[in-house]
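Quick note on numbering: the sequence shown equals residues 13 to 75 in the working numbering. Notes to accompany the following structure.
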Amino acid sequence: MAAVRRTKVLNSFPAGDPYGSRPAEEYAARCRERGQRATVVMDLDRDAFLVVALDADAPQRAA
């Protein structure tokens with residue numbers, strides 16, 4: 013059984029941006045520099061790249 017991680021959306025970037033996911037990746041990198049566990053995911057329903065913060069207290073997925 014896989015564990016579900018709780019996430020918090022930090023920012024959203026339109027998928028139609030001429031630079032693709034680059035603005036979202038750069039924002040996530042700045043968050044990680046500040047010590048926040050951030051990653052970029054694609055929200056197909058909203059057609060957007062989301063920068064989300066992973067909950068450090070949530071259980072990790074089993075391999």
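For every residue, glycine included, the Cβ atom is placed at its ideal position computed from N, Cα and C.
Rounded to whole angstroms, the separation of the alpha carbons of S33 and V21 is 15 Å. For a cut-off of 8 Å, the C-beta gap from R49 to L66 is around 4 Å, short enough to register as a contact.
Per DSSP, the beta bridge partners of L66 are T19.
Apart from sequence neighbours up to five positions away, the residues of its chain that approach P35 with a beta-carbon distance below 7 Å are F25, D29, ordered along the chain.
Secondary structure note for A50: its beta strand (DSSP E) is the uninterrupted segment 50 to 55. The shortest C-alpha to C-alpha distance from D57 to any of R46, T51, R18, A27 is the one to A27.
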